[in-house]
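Heads up, the sequence shown is in my numbering, so the first residue is 7 and it goes up one at a time.
Note that the Cβ used here is the ideal one computed from N, Cα and C, for glycine as well.
Quick caveat, the model's predicted, so the values are computed rather than measured.
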Amino acid sequence: MKVLPASYFSVGKKILPASRSYSGSPLLRLNHFIPIALLLAAFVFPLLVACFGLIAGLMALIVIIGLPLVYAVVVYPETGILVLLIAAYLVMWIIRMGVNFPLGTLMDALQMLLLLGFFIKQKTNPDWSFIKTPISKMVLTWIVYNLFEVVNSNFFCWLYTIRTVAVITLLYFVFVYQIKSVKFIRTILKVWIALTFFAAAYAFKQEYFGFFAFEQAQLADPLMVSLLFIGGIWRKFSIFSDPVTFAYNMVIGSLLCMCLLTGTLKTWKKAVMLLLALFFLLNMLYSGTRGAYVLVPAALVLIAVLNYSKKVLAMSIIAGILIGILIVIPTSNPTIYRFQSAFKPSEDASYMVRKNNQKLIQPFILTHPIGGGLGATGVWGMRFAPYSFLAHFPPDSGYVRVAVELGPIGLLLICMLMFVILKTGIKNYFLIRNPELKAYCLAATTIVFALNIGNFPQEAIVQFPTNILFFLAAALIPVSLKLDQSPIK
Numbered sequence: 007m008k009v010l011p012a013s014y015f016s017v018g019k020k021i022l023p024a025s026r027s028y029s030g031s032p033l034l035r036l037n038h039f040i041p042i043a044l045l046l047a048a049f050v051f052p053l054l055v056a057c058f059g060l061i062a063g064l065m066a067l068i069v070i071i072g073l074p075l076v077y078a079v080v081v082y083p084e085t086g087i088l089v090l091l092i093a094a095y096l097v098m099w100i101i102r103m104g105v106n107f108p109l110g111t112l113m114d115a116l117q118m119l120l121l122l123g124f125f126i127k128q129k130t131n132p133d134w135s136f137i138k139t140p141i142s143k144m145v146l147t148w149i150v151y152n153l154f155e156v157v158n159s160n161f162f163c164w165l166y167t168i169r170t171v172a173v174i175t176l177l178y179f180v181f182v183y184q185i186k187s188v189k190f191i192r193t194i195l196k197v198w199i200a201l202t203f204f205a206a207a208y209a210f211k212q213e214y215f216g217f218f219a220f221e222q223a224q225l226a227d228p229l230m231v232s233l234l235f236i237g238g239i240w241r242k243f244s245i246f247s248d249p250v251t252f253a254y255n256m257v258i259g260s261l262l263c264m265c266l267l268t269g270t271l272k273t274w275k276k277a278v279m280l281l282l283a284l285f286f287l288l289n290m291l292y293s294g295t296r297g298a299y300v301l302v303p304a305a306l307v308l309i310a311v312l313n314y315s316k317k318v319l320a321m322s323i324i325a326g327i328l329i330g331i332l333i334v335i336p337t338s339n340p341t342i343y344r345f346q347s348a349f350k351p352s353e354d355a356s357y358m359v360r361k362n363n364q365k366l367i368q369p370f371i372l373t374h375p376i377g378g379g380l381g382a383t384g385v386w387g388m389r390f391a392p393y394s395f396l397a398h399f400p401p402d403s404g405y406v407r408v409a410v411e412l413g414p415i416g417l418l419l420i421c422m423l424m425f426v427i428l429k430t431g432i433k434n435y436f437l438i439r440n441p442e443l444k445a446y447c448l449a450a451t452t453i454v455f456a457l458n459i460g461n462f463p464q465e466a467i468v469q470f471p472t473n474i475l476f477f478l479a480a481a482l483i484p485v486s487l488k489l490d491q492s493p494i495k
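Written out as structure tokens, the structure is:
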């Protein structure tokens, strides 16, 4: 029997060199860069500030730290994915601090670097097999349709919107191709849960210890007061752009922890996951986002159906009873009352406003099969086509926005994309034999399912980091099956 070197593995009858993706922690690969960068920064930064001013020092820092980071993102894709995940969580928090720097452009550049690294890897180690999967075909169809909308849109509205639609959607292929080991999935999930915990703890601080000065300055705006000061209490937004994004991230974070309970974790780790899930859900209530409250019960039903057992059935019944009691119990607590109102939409004034807006826009949707143009509503519509009817229309729903901007055809495509992802997730869940990978597939499918439901009452997948997490979860569905069937894990 021939013994292969550790740097090689076999696929069929071929012997291939193992990808660098399997060797060590992606963060540890920067060990050669970090000490050098820190030493240079420590000596060069104060010298340049003293001689040429603060701007010169900052430019030097960008070169010293930025260039190694760019190299790491392109050459070591695992590092790039983790950097993107961390940046997506923190970018809106940094913007709120008043940092006068185009961080949105920086995020675009980071995504483009990941795509560049993807194509470089394909040049040296080509593998386009993932393009043949149903999810990949629907993702490509969705991207092509959005590109086609340039003929139907205000060019600048289309240009500014396509940046966030096409590039972020393309990251699905980066995730599918670059995530090549169970070890790296564990690293991603650890970082994801850690960032969610930081966001939850930050919201807990906002609830019980108040806002920082830079947050109070923004909340002094009358528009912010009208949006966030409801029933005598402030809706909490944590480190995110708004309470909706915060609430949805708490929901998917809690669902991730719950699904990991079905895997191979040790007992003490399962206890930690359960406590984290409860902590995330507690902080979700502080957001005051009704649309998020219904997602957890709906997702728990999916988990119970897919992972059916007597134990799961008993836990589901107990959870259902507790949620039912919480819905009907009399209370004077404004947070609990707002939670209860989510299950009584006919008594919710804001829901009725959304419903009336949807009735108003239905004739337009029915007479415009390809919509009014990508970016016609919202910020870019107000900026580049301020006198148009759609610029002043509040969609208040991801699906309504798609129907208005991309028409019934676009709405059909996005619904087909969601259906294909969920169908593939459910199918893969029953095909996977490894219990750890089975739990990862369940988590990814449940997260996509929850965001799919949440995209109706709110715009669930347009803001950082939810847009990144959605396509990351979608990618983990085929990746988990591929790793389950692979001898290298």
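*What separation, rounded to the nearest whole angstrom, lies between the Cα atoms of Lys-127 and Gly-238?*
By 1-based counting over the sequence shown, the position of residue 127 is 121. By 1-based counting over the sequence shown, the position of residue 238 is 232. C-alpha separation (whole angstroms): 54 Å.
*Check whether the stretch 324-331 touches the stretch 214-229, taking contact to mean three or more Cβ pairs, one atom from each stretch, closer than 8 Å.*
no
_Pro-83 versus Phe-190: straight-line alpha-carbon distance, rounded_ = In the sequence shown, counting from the first residue as 1, residue 83 sits at position 77. In the sequence shown, counting from the first residue as 1, residue 190 sits at position 184. Looking at the two C-alpha atoms, the distance is approximately 11 Å.
_What would DSSP say about Trp-134, mapped onto helix, strand or coil?_
Walking along the sequence shown from the start, residue 134 turns up at place 128. Looking at Trp-134 - three-state DSSP - the assignment turns out to be coil, as it is neither helix nor strand.
*Between which two residues does the alpha helix (DSSP H) harbouring Arg-439 extend?*
Numbered from 1 along the sequence shown, position 433 holds the residue referred to as residue 439. Looking at the DSSP string, Arg-439 is not in any alpha helix (DSSP H), and its letter there is neither H nor E.
*Just curious, the alpha helix (DSSP H) that Ala-209 is in, first and last residue?*
As a first step, residue 209 must be located in the sequence shown, where it is residue number 203. Its alpha helix (DSSP H) spans residues 188-215.
*So Ala-466 packs on Gly-384, CB below 8 Å; how close in whole Å?*
Sequence index remark: in the sequence shown, residue 466 carries index 460 (1-based). Sequence index remark: in the sequence shown, residue 384 carries index 378 (1-based). Their Cβ separation, rounded to whole angstroms, is 15 Å, which puts Ala-466 and Gly-384 out of contact at 8 Å.
*Within this structure, are the beta carbons of Tyr-292 and Thr-341 separated by less than 8 Å?*
Here the question's residue 292 lines up with position 286 in the sequence shown. Here the question's residue 341 lines up with position 335 in the sequence shown. Contact: yes.
*Count the other CB atoms within 10 Å of the CB of Ala-207; is the residue buried (16 or more) or exposed (fewer)?*
Sequence index remark: in the sequence shown, residue 207 carries index 201 (1-based). Its Cβ having fewer than 16 others within 10 Å, Ala-207 is exposed.
*Inter-residue spacing [alpha-carbon to alpha-carbon] between Leu-412 and Ile-174*: On the sequence shown, residue 412 is found 406 positions in, with the first residue counted as 1. On the sequence shown, residue 174 is found 168 positions in, with the first residue counted as 1. Each residue's Cα considered, the two are about 18 Å apart.
_7 Å CB neighbourhood of Ile-438 in its chain, flanking five on each side removed_ = Reading the sequence shown from its first residue, position 432 is the one you call residue 438. So the qualifying residues of the chain are Lys-444, Cys-447, Ser-486, Leu-487, Asp-490.
_Check whether the stretch 100-116 and the stretch 261-272 are in contact - that is, three or more C-beta pairs closer than 8 Å._
no
_Counted within 10 angstroms of its Cβ, other Cβ atoms place Thr-452 as buried (16 or more) or exposed_ = Counting from one through the sequence shown, the residue named residue 452 turns up at place 446. Looking at its Cβ environment, which holds 16 or more other Cβ atoms inside 10 Å, Thr-452 is buried.
*For Ser-29, count neighbouring C-beta atoms within 10 Å of its own C-beta (all shown protein chains included) and say buried if the count is 16 or more, exposed if not.*
Indexing the sequence shown from 1 puts residue 29 at position 23. Note that Ser-29 scores a pLDDT of 46, beneath 50, so its modelled location is shaky and nothing firm can be said.
*If you count every other CB in all the chains shown that lies within 10 Å of the CB of Ser-492, and 16 or more means buried, which is it?*
Against the sequence shown, residue 492 aligns to sequence position 486. Flag for Ser-492 reads exposed.
*Does the distance from the CB of Ile-420 to the CB of Ile-376 come in under 8 Å?*
Reading the sequence shown from its first residue, position 414 is the one you call residue 420. Reading the sequence shown from its first residue, position 370 is the one you call residue 376. Going by C-beta atoms, Ile-420 is not nearer than 8 Å to Ile-376.
*Taking the alpha helix (DSSP H) that Asn-152 falls in, what are its first and last residues?*
Position 146 of the sequence shown, counted from the start, is the residue given in the question as residue 152. Run containing Asn-152: 140-154, per the alpha helix (DSSP H) assignment.
*Put Phe-476 into one of helix, strand or coil per three-state DSSP.*
As a working note, residue 476 is residue 470 in the sequence shown. The answer is helix: DSSP assigns Phe-476 an H, G or I state.
*Drop a sphere of 10 angstroms on the beta-carbon of Val-2, count the other beta-carbons inside from all chains shown, and report buried for 16 or more, exposed for fewer.*
In the structure as shown, the chain begins at 7 and stops at 495. Residue 2 is therefore absent and cannot be evaluated.
*Can you give the Cα-Cα distance for Trp-386 and Ser-347, rounded to whole angstroms?*
Working through the sequence shown from its first residue, we reach residue 386 at position 380. Working through the sequence shown from its first residue, we reach residue 347 at position 341. Taking the straight line joining both Cα atoms gives about 33 Å.
_CA-to-CA distance, Met-98 to Thr-193, given in whole angstroms_ = Looking up residue 193 in the sequence shown gives position 187. Looking up residue 98 in the sequence shown gives position 92. Going from the Cα of Thr-193 to the Cα of Met-98 covers about 23 Å.
*Pro-484: buried (16+ other C-beta within 10 angstroms of its C-beta) or exposed?*
Mapped onto the sequence shown, residue 484 falls at position 478. It counts as buried.
*Taking Asn-313 as the reference, which of Val-80, Gly-269, Asn-339 has the closest Cα?*
For the purposes of this step, residue 313 is identified with residue 307 of the sequence shown, where counting begins at 1. Closest by alpha carbon: Gly-269.
_alpha helix (DSSP H) segments (min. 4 residues) lying fully within the stretch 268-302_ = 273-291, 296-299
*Flag this pair as touching only if the stretch 230-250 and the stretch 460-474 have three or more C-beta atom pairs under 8 Å; answer yes or no.*
yes
*Is the beta carbon of Arg-296 less than 8 Å from the beta carbon of Arg-360?*
Position 290 of the sequence shown holds residue 296. Position 354 of the sequence shown holds residue 360. Not closer than 8 Å, so no.
*Supposed close pair Leu-257, Ala-480 - CB separation, criterion 8 Å*: The residue you call residue 257 lines up with position 251 of the sequence shown. The residue you call residue 480 lines up with position 474 of the sequence shown. At residue 257 the sequence reads Val, which differs from the Leu that was named. Not quite, the Cβ-Cβ distance comes to about 17 Å (not below 8 Å), so this is no contact.
*My guess is that Asn-473 and Met-424 are in contact by the Cβ rule of under 8 Å, so how many angstroms apart are they, rounded?*
For the purposes of this step, residue 473 is taken as the residue at position 467 of the sequence shown. For the purposes of this step, residue 424 is taken as the residue at position 418 of the sequence shown. About 14 Å; that fails the 8 Å criterion.
*Pull up the distance between the alpha-carbon of Leu-229 and that of Thr-373, whole angstroms please.*
Taking the first residue of the sequence shown as position 1, residue 229 is located at position 223. Taking the first residue of the sequence shown as position 1, residue 373 is located at position 367. C-alpha separation (whole angstroms): 34 Å.
*Would you tell me roughly how many angstroms separate the C-alpha atoms of Gly-431 and Ala-450, rounded to the nearest one?*
Against the sequence shown, residue 431 aligns to sequence position 425. Against the sequence shown, residue 450 aligns to sequence position 444. Those two C-alpha atoms are separated by around 8 Å.
*So, helix, strand or coil for Phe-462, using DSSP?*
Here residue 462 corresponds to residue number 456 of the sequence shown, with the count starting at 1. It is coil, neither helix nor strand.
*Report the rounded CA-to-CA distance for Leu-301 versus Gly-460, giving the unit in angstroms.*
For the purposes of this step, residue 301 is taken as the residue at position 295 of the sequence shown. For the purposes of this step, residue 460 is taken as the residue at position 454 of the sequence shown. Roughly 7 Å between the two C-alpha positions.
*Evaluate Gly-72 with the Cβ neighbour count: other Cβ atoms within 10 Å of its Cβ, from every protein chain shown; 16 or more gives buried, anything less gives exposed.*
Within the sequence shown, residue 72 is the residue found at index 66, counting from 1. Exposed: under 16 other Cβ atoms inside 10 Å.
*Residues that DSSP places opposite Ile-239 in a beta bridge*: For the purposes of this step, residue 239 is identified with residue 233 of the sequence shown, where counting begins at 1. Beta-bridge pairing links Ile-239 to Ile-236.
*With respect to the alpha helix (DSSP H) encompassing Ser-338, which residues constitute its N-terminal and C-terminal limits?*
Taking the first residue of the sequence shown as 1, we reach residue 338 at position 332. That residue, Ser-338, is in no alpha helix (DSSP H); it is neither H nor E in DSSP.
*Which same chain residues, not among the five before or five after Val-334, have their C-beta less than 8 Å away from its C-beta?*
Locating residue 334 in the sequence shown gives position 328, counting from the first residue. Within the same chain, Val-334 has close Cβ partners Gln-346.
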